[in-house]
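K.L.:
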Amino acid sequence: MRPFKFTKVNDAANAVQTVAANANSKFLAGGTNILDLMKEDVMRPDELVDVTRLNLTQIKTVSGGVNKGGVSIGGLGKNTDAANHPLIRQNFPLLTQAILAGASAQIRNMATNGGNLNQRTRCSYFYDVAMPCNKREPGTGCGALEGINRMHAVFGWSNDCVAVHPSDMCVALVALDAVVKVQGTDGAERSIPFIDYHRLPGNTPQKDNNLNQGELITAIEIPKNNFSDKSYYLKVRDRASYAFALVSVAAALEINGNKIKQARVAMGGVAHKPWRATEAEKFLTGKEATEANFKQAAEMEMKQAKPLEYNKFKVELGKRAIVRALMQAMNGGKV
Amino acid sequence: MNERIKNVGQAMNRIDGLLKVTGTATYATDYAIKNTAYAVIFKSAIAAGKIIDLDTSEAEKAAGVLAVITHKNAPKLNASGGIRGGALLQSPNIEFHGQHIGLVVAETFEQARYAARLVKVSYEKTDAKVDFEKHEKEAVTPKDKDRAEASRGDVETTFRNAEYKIEAVYDTPIEHHQPMEPHATIAVWEGEKVTLYNGSQIVNGAQNAAASTLNLKPENVRIVTPHIGGGFGSKGGQWANLILAAVAAKVVNRPVKLALTRQQMFNSVGLRQRNRQKIRLAATKDGKLTALAHETTTHCAINGEFVEPCGDCSKVMYDVPNSLISYRVVPMNIILPTYTRGPGKSTGSFALESAIDELAYQLKIDPIEFRLKNEPAKDPSNGKPWSSRAIVQCLKEGAKAFGWEKRKIEPRQNPQGNYLIGYGVAAGTYPARQRDTSATVKLTRNGSDVRSSIELAASDLGTGTHTILAQTAADALGLPINKIGVRIGDSALPPAAGSVGSVGAASFANAVNDACVKITDELIAKSGKQFFVRPTAAEMMASENINEFQTRVHAKPPADADKYSSHSFNANFAEVWVNDSTGMVKVQRFVAVTGAGKILNPKTARSQIIGGNVWGIGMALTEESILDSRWGNFVTRSFADYHVPSNLDIGSIEPIFINEEDTIPNKLGIKGIGEIGIVGVAAAVANAVFNATGKRIRELPITPDKLI
Ligand SMILES: Cc1cc2nc3c(=O)[nH]c(=O)nc-3n(C[C@H](O)[C@H](O)[C@H](O)COP(=O)(O)OP(=O)(O)OC[C@H]3O[C@@H](n4cnc5c(N)ncnc54)[C@H](O)[C@@H]3O)c2cc1C
Ligand code: SF4
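Residue numbers (the working numbering), protein chains in the order written: chain A, 398 to 732; chain B, 43 to 750.
Okay, here's the thing in structure tokens:
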């Protein structure tokens, strides 16, 4: 690990100012991602600003604004607490399932919600400093593009980067139309719709998201919805726990009579950002909730997929996962 | 032996359990030695070529750095002294990606690790051979005599003319041992003598390899390794870390601690080779095997041959008149493969036992029935009689315990909601051997309190060696087990075999037993008295008023052992649940029935079998090391990418032991259980997956993408 400065802060404004003032400074939350990356020399901040003492851990009903009646979870709350809080379990079981599908109990106990959004890709070329990687070192090339890209993207990739965002939690959050609350460097709060929070790689794969240096995630708001009795998070992986998704699907349905009033489908393990399956959603709206319709929705979504050499299976797997997740959602989220 | 006391055969807790759970058992790096400096290795970023230039100036200037050692300034060593895999900093040549090219020694681990990043290396790259598919055709016959072609009868004609036959290729990937305790060494010099704290499955092997490589006399090298956090073969032979720690300690003239990181483990201490196994099997309509060919192609290091014996099971499992076992190997720019749990047998049985299942299915014969029809009366490979062979019992008792009668021969007959349930069976074998081992037994008496110390350079991988030796000695001396101290894992003690090839328990326990019998004999002789009932050593110490007594033995395998073929056998039963939508597989139930002679301690033995089964399930479903053929690097270089099974992947595992008494391979009738637990496991799972889905997966691991 390279030598770095360790700074403690007591309030959010101070945290933001400190990190904004030093382009090479980073927040330290649970540390489950950034410390690993520093040990491997992948990230080389010269300062860590410890934000774990900030009072940004509450989970509460949103009392005003556009998301009134929804739930706000603190940016520095632990993943475990978010997953298990009654407000989340009752209103957004999809989020509970997604969080619990990730990592291990020990890591979720350390990991924070803001840290989860900002965790970096698990692309093994990114992790290995002996390899080229545009995300780690812009201009060196993408090791995965023509390499072992079994775990990589099938949607929205560029020749500069084919990595995927590894989070499970974020797949549920994008399906639920969450909003990221950010304390800006000017002291003002900014709201970023979840779907615009993470980026596609384009020619700047070094930027995972649209947060500016120094901006702090203070909370994530989830608007009220009617999906709680028909949602499901399905994660397909190489082993039953403690593995990142090959493909995951967050599915949520609101049914009116025998028709789908609203469908939400999002995918993980397929793109540089949590992927909202808008084609599938559009198709499903107003249709009957049948397996045949789910299949057609899945076909439509996966038609846009551009697989790489070793991840062709993700197209078929993606289809199956969409159908299965929607079926399970109809089944009340039970397995 | 005193009939009243019986420790052997009891399910006893580990005598070192308390040390382990309280964190006081000392593993290689757990010695607080004053003034220790820390070494961190840095590695090559190319797979073939040579180092043109190494700029260490920045690293040398970094805070805390004591020395940077590379091929430019490393002391001259004997590179053929028995260290596996080279990488001893003796030349600028690079033979595989991640070869050690130097180390930084500093006051702290963090300083050393940081400075190691500051070394600038320029290389001259040459074409690296890392793509097995591409170079497979260049494979040649191994030099190793034990891998010479073995054939009898006429496989080609029989196979050509057979009506019922299978010809299939089975692929297994590179796997890594990755024991919980990564390889690590502390080196402490005192003049010309060096003490090396280092996980070593073969204590004297490590001592000799270190001595020879460092150009020292063996008596000037001491290996200390009382507890080992697993090894699975990777701590059998020794690797460069052992020597580089000693070199670093010499250079900085201080004790040095060198620990590999988890990532470094992937290209530092060997691996299980990738195997391509072609099996041809032919049988008559009623299920009598007529031909068996098992041809393995694999890779080894550029300058070092190792070929795991994939054909071993095929030599002894079935009665077949026409047989061919052969090997081909291609040297490649990949680290030297080495012994890996159930070497050859675990991977070879995947191929053989899958093919048996395929042929049984083709003949529409139950696979257990099929195996029973082909039971050999003698060892078909050498005509020797079996000392014992429990395979029929294993299959029959396993079938009963597992509920095999519910299995349907046709696949996809057992759906349950979104899952397809399948049953699979596969058998396995592992040779039983005793190796030369010496042991000292010491008795001390203080009033009525008699205690014993058992001393030999054996090793405990975490399997329970301390405990079984205490049990053996307690019974043989007539002492309670808590009066027995076991001192092992130190080359200063009498030389012993290693914890390798399932020879540990048989070699160590027989030596300890012999020593205890001998000390009793000597005490009786010394007393000059005659006894109708043989007294115990403890009783003799008391009655003869002796306070200290000791003796030493050198135990050898029985003279007749070689006239027989001695093996453990097992039968493995798997119930898998395959998610029909996602292709994810769960092993819901696993029953492993083992006939492995005397089971010294059913509790530690059970753990051994479960551990082997879990690894076998990992082999079947999750474990795979993947190389990028452009650079020769492993892209799976942490536990996030190299998947060992998690608890959730595995339901219940039920080990069952067959009561087997066979004192032909050794006096105590111990066959060893270190390896047998992994043999046949992957095939049982793959066969169950076929029974569930109708898909025959011949390329491990069976990941979801292969089933959709
Ligand atoms: C072995 C392993 C397996 C895992 N498996 C999974 C999995 O299956 N699914 C999954 O979803 N995740 C998985 N994870 C990832 C885990 O969820 C993340 O590491 C964790 O969420 C990161 O949170 P943290 O608080 O520890 O972040 P840190 O490591 O502290 O920080 C991560 C990044 O976020 C920034 N940051 C942190 N808080 C804020 C904030 N409030 N505002 C702005 N920036 C901030 C930091 O500066 C840093 O750049 C796994 C991790 C490990 C180690
Ligand atoms: S996919 Fe992205 S992260 Fe991976 S090597 Fe390419 S640029 Fe780097």
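Backbone N, C-alpha and C fix where the C-beta goes; we use that ideal spot for every residue, glycine too.
Would you report the Cα separation of B/Ala157 and A/Met435, rounded to the nearest angstrom?
P.N.:
Counting from one through the second sequence, the residue named residue 157 of chain B turns up at place 115. Counting from one through the first sequence, the residue named residue 435 of chain A turns up at place 38. Taking the straight line from one Cα to the other gives about 14 Å.
K.L.:
State the Cα-Cα distance for the pair B/Asn614 and B/Gly425, rounded to the nearest angstrom.
P.N.:
As a first step, residue 614 of chain B must be located in the second sequence, where it is residue number 572. As a first step, residue 425 of chain B must be located in the second sequence, where it is residue number 383. Cα to Cα, B/Asn614 sits roughly 27 Å from B/Gly425.
K.L.:
Looking at the unbroken alpha helix (DSSP H) that takes in B/Asn250, where does it start and where does it end?
P.N.:
Counting from 1 along the second sequence, the entry for residue 250 of chain B is found at position 208. Val245 to Thr255 is the span of the alpha helix (DSSP H), which, as asked, contains B/Asn250.
K.L.:
With DSSP collapsed to three states, give me the class of B/Glu209.
P.N.:
Translated into the one-based positions of the second sequence, residue 209 of chain B becomes position 167. If DSSP states are grouped into helix, strand and coil, B/Glu209 belongs with the strands.
K.L.:
Indicate whether at least one CB of chain A lies closer than 8 Å to the CB of B/Lys628.
P.N.:
Taking the first residue of the second sequence as position 1, residue 628 of chain B is located at position 586. Cβ-Cβ to chain A under 8 Å: yes for B/Lys628.
K.L.:
Figure out for me which residue from B/Gly711, B/Leu405, B/Lys748 and B/Val362 has the closest Cα to the Cα of B/Ala728.
P.N.:
Within the second sequence, residue 728 of chain B is the residue found at index 686, counting from 1. The option with the nearest alpha carbon to B/Ala728 is B/Lys748.
K.L.:
With 8 Å as the threshold, decide whether the Cβ of A/Leu643 is near any Cβ in chain B.
P.N.:
The residue given as residue 643 of chain A occupies position 246 in the first sequence. It does; some Cβ of chain B falls within 8 Å.
K.L.:
Note down, in chain order, each residue of its chain lying with its Cβ closer than 8 Å to the Cβ of A/Val667, except the 5 sequence neighbours on either side.
P.N.:
Indexing the first sequence from 1 puts residue 667 of chain A at position 270. Contacts found: Ala550, Val551, Phe552, Val561, Val644, Ala702, Lys711 and Gly715.
K.L.:
I want to check one thing, is the minimum distance from the CB of A/Met697 to the heavy atoms of ligand 1 below 7 Å?
P.N.:
Stepping through the first sequence from its first residue, residue 697 of chain A is reached at position 300. Outside the cutoff, so no.
K.L.:
CB of B/Leu60 to nearest heavy atom of ligand 1: below 7 Å?
P.N.:
What you label residue 60 of chain B is simply residue 18 of the second sequence in a count that begins at 1. B/Leu60: no, Cβ never under 7 Å from ligand 1.
K.L.:
Could you please tell me which residues of the region 525-559 of chain A, in chain order, have their CB closer than 9 Å to any CB of chain B?
P.N.:
Cβ contacts with chain B come from Asp525, Val526, Ala527, Met528, Gly540, Ala541, Glu543, Gly544, Ile545, Arg547 and Met548.
K.L.:
Let me know the alpha helix (DSSP H) ranges lying completely inside the region 410-454 of chain A, each 4 residues or longer, listed in chain order.
P.N.:
For the region 410-454 of chain A, whole alpha helix (DSSP H) runs of length 4 or above, ordered along the chain, are 431-436.
K.L.:
Cα-Cα, which of B/Lys292, B/Leu378 and B/Val110 is closest to B/Ser310?
P.N.:
Numbered from its first residue, the second sequence carries residue 310 of chain B at position 268. It is B/Leu378 whose Cα lies nearest to the Cα of B/Ser310.
K.L.:
Just checking: is the beta-carbon of B/Ala662 within a distance shorter than 8 Å of some beta-carbon in chain C?
P.N.:
Although the question refers to chain C, the structure presented lacks it and instead comprises the protein chains A and B.
K.L.:
At which residue ranges does the region 471-550 of chain B contain complete beta strand (DSSP E) runs of 3 or more residues, listed in the order of the chain?
P.N.:
If we require 3 residues or more, the beta strand (DSSP E) runs fully inside the region 471-550 of chain B come out as 479-488, 491-497 and 526-529.
K.L.:
Name, please, each residue of chain B whose Cβ falls closer than 9 Å to the Cβ of A/Glu713.
P.N.:
The residue given as residue 713 of chain A occupies position 316 in the first sequence. Neighbours of A/Glu713 on chain B, chain order: Asp747 and Ile750.
K.L.:
Using a Cβ cut-off of 7 Å, which residues of the region 683-707 of chain B contact any Cβ in chain A, in chain order?
P.N.:
Residues passing the 7 Å Cβ filter: Asp683, His685, Pro687, Ser688, Leu690 and Asp691.
K.L.:
At a cut-off of 7 Å, would you count A/Phe641 as near ligand 1, judging by its Cβ distance to the nearest heavy atom?
P.N.:
The sequence position of residue 641 of chain A within the first sequence is 244, counting from 1. It does: the Cβ of A/Phe641 is within 7 Å (strictly closer) of some heavy atom of ligand 1.
K.L.:
Is it true that the CB of B/Ala282 sits closer than 8 Å to the CB of B/His142?
P.N.:
What you label residue 142 of chain B is simply residue 100 of the second sequence in a count that begins at 1. What you label residue 282 of chain B is simply residue 240 of the second sequence in a count that begins at 1. In contact: B/His142 and B/Ala282 (Cβ atoms closer than 8 Å).
K.L.:
Hey, which unbroken runs of the alpha helix (DSSP H) at 4 residues or more fall wholly within the region 465-500 of chain A?
P.N.:
As far as the region 465-500 of chain A is concerned, its whole alpha helix (DSSP H) runs of at least 4 residues are 476-481, 483-488 and 490-497.
K.L.:
My output table needs one value for B/Leu331: the three-state DSSP class, helix, strand or coil.
P.N.:
Position 289 of the second sequence, counted from the start, is the residue given in the question as residue 331 of chain B. B/Leu331 falls in the strand class under three-state DSSP.
K.L.:
When you compare the CB of A/Ala637 with every CB in chain B, is at least one pair closer than 8 Å?
P.N.:
Counting from 1 along the first sequence, the entry for residue 637 of chain A is found at position 240. Yes, because at least one Cβ of chain B sits closer than 8 Å to the Cβ of A/Ala637.
K.L.:
From B/Tyr73 to B/Thr227, what does the alpha carbon distance come to, in whole angstroms?
P.N.:
On the second sequence, residue 73 of chain B is found 31 positions in, with the first residue counted as 1. On the second sequence, residue 227 of chain B is found 185 positions in, with the first residue counted as 1. B/Tyr73 and B/Thr227: Cα-Cα distance of roughly 10 Å.
K.L.:
Can you pull the chain A neighbours of B/Tyr156, defined as C-beta to C-beta under 8 Å?
P.N.:
For this step, residue 156 of chain B is matched to residue 114 along the second sequence. Ordered by position in chain A, the residues that pass the 8 Å Cβ test against B/Tyr156 are Met398, Arg399 and Pro400.
K.L.:
Identify each residue in the region 618-647 of chain B for which the Cβ-Cβ distance to at least one residue of chain A is less than 8 Å, and report them in chain order.
P.N.:
The region 618-647 of chain B vs chain A, Cβ under 8 Å: Ser623, Thr624, Gly625, Met626 and Lys628.
K.L.:
Just to confirm the assignment: which complete alpha helix (DSSP H) runs, minimum length 4, are found wholly within the region 605-684 of chain A?
P.N.:
Complete alpha helix (DSSP H) runs here, min 4: 675-681.
K.L.:
Would you mind giving the Cβ-Cβ distance between A/Val662 and A/Glu678, rounded to the nearest angstrom? I have them listed as a contact below 8 Å.
P.N.:
As a working mapping, residue 662 of chain A is identified with position 265 in the first sequence. As a working mapping, residue 678 of chain A is identified with position 281 in the first sequence. Correct: roughly 6 Å between the Cβ atoms.
K.L.:
On a CA-only basis, which of B/Gly124, B/Phe444, B/Glu191 and B/Lys560 is nearest B/Arg631? Give me that one, please.
P.N.:
On the second sequence, position 589 is the one that residue 631 of chain B refers to. Per the Cα distances, B/Phe444.
K.L.:
Does ligand 4 have a heavy atom nearer than 7 Å to the CB of A/Pro602?
P.N.:
Although ligand 4 was asked about, the structure shown includes only ligand 1 and ligand 2 as ligands.
K.L.:
Enumerate in chain order the residues of its own chain whose CB-to-CB distance from B/Gly654 is below 6 Å, with the five nearest sequence positions on each side excluded.
P.N.:
To locate residue 654 of chain B, count along the second sequence from 1; it is residue 612. Closer than 6 Å at Cβ, skipping near neighbours: Gly719 and Ile720.
K.L.:
Is there a C-beta anywhere in chain B that falls below 8 Å from the one on A/Ser564?
P.N.:
Position 167 of the first sequence, counted from the first residue, corresponds to residue 564 of chain A. Judged by the 8 Å Cβ criterion, A/Ser564 is not in contact with chain B.
K.L.:
Does any residue of chain B bring its CB to less than 8 Å from the CB of A/Asp626?
P.N.:
Along the first sequence, read from residue 1 onward, the residue named residue 626 of chain A stands at position 229. For A/Asp626, the answer is no, since every Cβ of chain B falls outside 8 Å of its Cβ.
K.L.:
Which residues in chain A sit within 8 Å of B/Val34, going by Cβ to Cβ distance?
P.N.:
It is not possible to answer for residue 34 of chain B, since the shown part of chain B is limited to 43 through 750.
K.L.:
Confirm the yes/no value for this check: CB of A/Phe424, any heavy atom of ligand 1, distance under 7 Å.
P.N.:
Working through the first sequence from its first residue, we reach residue 424 of chain A at position 27. Because some heavy atom of ligand 1 lies under 7 Å away, the Cβ of A/Phe424 counts as near it: yes.
K.L.:
Just verifying my parser: in three-state terms, what is the DSSP assignment at B/Phe681?
P.N.:
Residue mapping note: residue 681 of chain B aligns to position 639 of the second sequence, counting from 1. The answer is coil: DSSP assigns B/Phe681 none of H, G, I, E or B.
K.L.:
Is B/Ala724 close to chain A, meaning its C-beta is less than 8 Å from at least one C-beta of that chain?
P.N.:
The residue you call residue 724 of chain B lines up with position 682 of the second sequence. It does not; no Cβ of chain A falls within 8 Å.
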